[in-house]
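Chains as they are written, first to last, in the working numbering: chain A, 323 to 569; chain B, 10 to 373.
Pasting the structure below:
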């Protein structure tokens with residue numbers, strides 16, 4: 323079987339969620355073109371065993387999302403090795419969402435079912451779109467998975483932190499939609515600590531606020547892993563000792 | 010980036026000088042602002058390096074320096090150990106590729122032994138391969154503490170590693186500028202229309218003036234009272250007074266310029282089509298002047314048609330229409346398309362709401 327080439331949806335930035343919805347509903351094809359880097363196509367080999375294991379699902383668990391995230395991250399290694407800037411192309415993420423992982427996006431994020439593989443509302447098709455802003459990056463259904471896997475890979479060289487990164491939606495958005503989420507090491511330390519059941523949502527929120535406040539006077543970029551972990555632990559113990567310190 | 014004023018900072022915000030140069034594809038030589046002449050003015054600003062639309066630039070390099078007397082820190086720290094206590098560098102943020110890191114520079118006490126007139130010389134150089142980044146790169150010069158813990162004798166506090174002692178205004182390298190409002194269309198320059206700079210002849214009574222060139226420039230008249238304050242204000246668009254009026258003024262300018270700009274671009278494309286009937290959409294687009302190509306790429310959707318097609322395909326589809334239909338498109342579709350693209354209805358509604366509010370709802 324010939325290797326698959328990474329592609330992009332043309333002009334995706336000109337399309338709104340409503341436009342995407344109407345094209346899905348009317349079964350129209352998007353304009354697709356292969357990505358080239360230094361005049362060569364880029365491979366996109368998504369693990370077929372993962373694809374097969376997810377076919378026909380009516381819902382997706384965190385464990386399913388972890389396996390998709392890892393397979394997606396591995397499939398995009400050639401693109402990442404060519405240039406990380408390729409992965410900011412909204413057309414690439416639209417192609418992955420609309421063609422490679424459409425069923426996942428429609429069922430997990432757009433309210434579709436196996437009986438009617440259609441988004442329930444036009445607005446939900448925004449999960450196929452992305453942009454440069456951190457919020458828009460993290461709210462693209464498939465880019466969200468890649469961000470979770472990439473943070474783990476950058477921080478530790480493995481995928482051990484992916485389950486923690488994807489475990490809780492509030493934690494994911496609180497970490498990866500903020501500037502602190504750009505530091506993979508800090509992001510994974512935070513999710514690994516805070517996804518534990520002993521922490522409730524309000525406490526997690528306060529810890530993230532507290533860490534953000536500390537980082538307004540400290541250059542995160544100059545800290546090593548141990549110092550980052552100490553910073554998190556200090557905030558947690560401060561909050562445990564003075565729960566009313568933050569609203 | 011740095012909000013407030015940390016209690017432990019000794020130096021706070023320090024002025025920084027920036028020098029920068031670029032490397033163009035196929036040429037290993039580094040080129041400075043002086044080397045590029047007039048072209049350099051559209052790239053380098055005080056805190057900005059704008060490479061928008063410059064696909065030919067492969068590398069950009071910044072050298073940042075700050076020089077500060079040690080008087081402000083001498084009460085807090087042993088001056089002879091400043092090189093051991095502090096380090097200088099640049100932190101680099103690039104949201105679109107999700108990266109943030111520190112590039113270490115050099116910090117030197119001069120003269121070595123300290124003394125009354127001693128000062129700190131700080132310098133860092135950062136270099137970027139443009140194609141490895143996207144959007145905007147922020148580069149912020151900072152001086153931070155180096156040891157795990159450091160006592161500030163003056164304030165009697167212990168600082169942890171990485172505490173910010175000094176910083177400078179961040180430099181922004183714009184690779185493809187994320188622009189908003191009217192800024193998304195033009196490079197904007199504020200000038201006095203009554204005393205214009207040499208070579209510029211704006212009509213004295215107007216409030217804006219456009220130069221339709223490679224990077225179209227919009228000149229706004231600084232003589233008009235409150236116009237600059239209004240248009241550069243940061244107030245949110247929403248229903249705030251300034252925001253609503255700003256959007257309305259922007260909208261007027263944008264409608265006028267885009268209407269004529271799109272017509273001019275279509276006329277040039279039509280002429281090329283007549284000259285070369287077999288030209289593809291891509292050929293036609295490439296053959297346009299830079300400014301016309303830019304406006305077609307960005308705004309051809311305002312002419313109706315299928316927005317899922319590439320701009321060159323949309324252009325070809327329009328040029329395939331007969332001359333009367335093209336005229337109708339220009340006369341009817343452009344106003345409609347621009348209203349939709351610029352959000353004119355909402356702008357007007359907000360303005361009406363603000364006006365109604367200031368008259369307590371008693372509009373005649």
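For glycine and all other residues, C-beta sits at the position ideal for the given N, C-alpha and C. None of these values were measured; they are calculated from a predicted model.
Residue i versus residue j - alpha carbon distance
{"i": "residue 24 of chain B", "j": "residue 75 of chain B", "result": "7 Å"}
{"i": "residue 105 of chain B", "j": "residue 348 of chain B", "result": "30 Å"}
{"i": "residue 438 of chain A", "j": "residue 347 of chain A", "result": "10 Å"}
{"i": "residue 542 of chain A", "j": "residue 35 of chain B", "result": "37 Å"}
{"i": "residue 33 of chain B", "j": "residue 49 of chain B", "result": "13 Å"}
{"i": "residue 373 of chain B", "j": "residue 290 of chain B", "result": "Reliability of the predicted coordinates at residue 373 of chain B is poor, the pLDDT of 39 falling under 50, and no value is obtained from them."}
{"i": "residue 82 of chain B", "j": "residue 55 of chain B", "result": "28 Å"}
{"i": "residue 331 of chain B", "j": "residue 357 of chain B", "result": "35 Å"}
{"i": "residue 539 of chain A", "j": "residue 21 of chain B", "result": "11 Å"}
{"i": "residue 552 of chain A", "j": "residue 546 of chain A", "result": "10 Å"}
{"i": "residue 141 of chain B", "j": "residue 301 of chain B", "result": "28 Å"}
{"i": "residue 335 of chain B", "j": "residue 369 of chain A", "result": "50 Å"}
{"i": "residue 353 of chain B", "j": "residue 311 of chain B", "result": "13 Å"}
{"i": "residue 189 of chain B", "j": "residue 79 of chain B", "result": "With a pLDDT of only 47 at residue 189 of chain B, under 50, the local geometry of the prediction cannot be trusted, and the value read off the model is given with reservation. Going from the Cα of residue 189 of chain B to the Cα of residue 79 of chain B covers about 42 Å."}
{"i": "residue 576 of chain A", "j": "residue 264 of chain B", "result": "This structure gives no information on residue 576 of chain A, because the portion of chain A shown stretches from 323 to 569."}
{"i": "residue 341 of chain B", "j": "residue 430 of chain A", "result": "42 Å"}
{"i": "residue 495 of chain A", "j": "residue 350 of chain B", "result": "30 Å"}
{"i": "residue 406 of chain A", "j": "residue 498 of chain A", "result": "18 Å"}
{"i": "residue 394 of chain A", "j": "residue 336 of chain A", "result": "25 Å"}
{"i": "residue 557 of chain A", "j": "residue 94 of chain B", "result": "25 Å"}
{"i": "residue 571 of chain A", "j": "residue 563 of chain A", "result": "Any question about residue 571 of chain A goes unanswered here, given that chain A covers just 323 to 569."}
{"i": "residue 113 of chain B", "j": "residue 544 of chain A", "result": "9 Å"}
{"i": "residue 521 of chain A", "j": "residue 565 of chain A", "result": "13 Å"}
{"i": "residue 432 of chain A", "j": "residue 419 of chain A", "result": "12 Å"}
{"i": "residue 355 of chain B", "j": "residue 258 of chain B", "result": "13 Å"}
{"i": "residue 37 of chain B", "j": "residue 504 of chain A", "result": "32 Å"}
{"i": "residue 363 of chain A", "j": "residue 254 of chain B", "result": "49 Å"}
{"i": "residue 328 of chain B", "j": "residue 447 of chain A", "result": "32 Å"}
Cβ distance (whole Å) where residue i is taken to contact residue j below 8 Å
{"i": "residue 57 of chain B", "j": "residue 29 of chain B", "result": "About 10 Å; that fails the 8 Å criterion."}
{"i": "residue 414 of chain A", "j": "residue 408 of chain A", "result": "7 Å"}
{"i": "residue 339 of chain B", "j": "residue 272 of chain B", "result": "6 Å"}
{"i": "residue 305 of chain B", "j": "residue 294 of chain B", "result": "6 Å"}
{"i": "residue 150 of chain B", "j": "residue 177 of chain B", "result": "4 Å"}
{"i": "residue 153 of chain B", "j": "residue 201 of chain B", "result": "Not confirmed; about 43 Å, so no contact."}
{"i": "residue 270 of chain B", "j": "residue 221 of chain B", "result": "7 Å"}
Opposing strand residues paired with residue i [DSSP bridges]
{"i": "residue 53 of chain B", "result": "B:58"}
{"i": "residue 329 of chain A", "result": "A:356"}
{"i": "residue 154 of chain B", "result": "B:95"}
{"i": "residue 197 of chain B", "result": "B:227"}
{"i": "residue 39 of chain B", "result": "B:32"}
{"i": "residue 175 of chain B", "result": "B:21, B:152"}
{"i": "residue 110 of chain B", "result": "B:101"}
{"i": "residue 374 of chain A", "result": "Answer is none; residue 374 of chain A lacks a bridge partner."}
{"i": "residue 74 of chain B", "result": "B:26, B:132"}
{"i": "residue 117 of chain B", "result": "B:130"}
{"i": "residue 363 of chain A", "result": "A:358"}
{"i": "residue 138 of chain B", "result": "B:68"}
{"i": "residue 220 of chain B", "result": "B:226"}
{"i": "residue 182 of chain B", "result": "B:58, B:146"}
7 Å Cβ cut-off: residues of chain A touching residue i
{"i": "residue 141 of chain B", "result": "405, 406, 407"}
{"i": "residue 319 of chain B", "result": "332, 333, 353"}
7 Å Cβ cut-off: residues of chain B touching residue i
{"i": "residue 544 of chain A", "result": "111, 153, 170, 171"}
{"i": "residue 541 of chain A", "result": "100, 111, 151, 153, 171, 173"}
Proximal residues of chain A, C-beta to C-beta of residue i below 8 Å
{"i": "residue 144 of chain B", "result": "410, 454"}
{"i": "residue 38 of chain B", "result": "Here the premise fails: no neighbours, minimum Cβ distance about 23 Å."}
Within chain B, partners of residue i - CB distance below 8 Å
{"i": "residue 504 of chain A", "result": "102, 104, 107, 108, 109"}
Where residue i meets chain B, residues with beta-carbon distance less than 9 Å
{"i": "residue 549 of chain A", "result": "157, 169, 170, 171"}
_Below 8 Å, how does it come out for the stretch 421-441 of chain A and the stretch 375-385 of chain A: are there three or more Cβ pairs, yes or no?_
Contact between the stretch 421-441 of chain A and the stretch 375-385 of chain A is present: 3 or more CB-CB pairs across the two stretches fall below 8 Å.
*asked:* I want to know whether the stretch 158-169 of chain B touches the stretch 195-208 of chain B - three or more CB-CB distances under 8 Å.
replied: In short, these stretches do not touch, since the Cβ pair count stays below three.
*Please determine if the stretch 142-161 of chain B and the stretch 525-537 of chain A are in contact, where contact requires at least 3 C-beta pairs separated by less than 8 Å.*
Not touching, per the Cβ criterion.
*Below 8 Å, can you find three or more Cβ-Cβ pairs linking the stretch 452-460 of chain A to the stretch 481-489 of chain A?*
Put simply, the stretch 452-460 of chain A does not touch the stretch 481-489 of chain A. Fewer than three CB pairs are less than 8 Å apart.
*Counting Cβ pairs closer than 8 Å, one from the stretch 67-74 of chain B and one from the stretch 124-140 of chain B, do we hit at least three?*
Touching, yes.
*Would the stretch 104-119 of chain B and the stretch 141-155 of chain B be scored as touching if the rule is three or more Cβ pairs under 8 Å?*
Counting C-beta pairs closer than 8 Å gives three or more between the stretch 104-119 of chain B and the stretch 141-155 of chain B, which meets the contact rule.
*Determine contact between the stretch 478-485 of chain A and the stretch 447-454 of chain A, defined as no fewer than three beta-carbon pairs at a distance below 8 Å.*
Fewer than three beta-carbon pairs drawn from the stretch 478-485 of chain A and the stretch 447-454 of chain A are found closer than 8 Å, and the two stretches are therefore not classed as touching.
*Meets three-Cβ-pair contact criterion under 8 Å: the stretch 467-479 of chain A and the stretch 499-511 of chain A*: Touching, yes.
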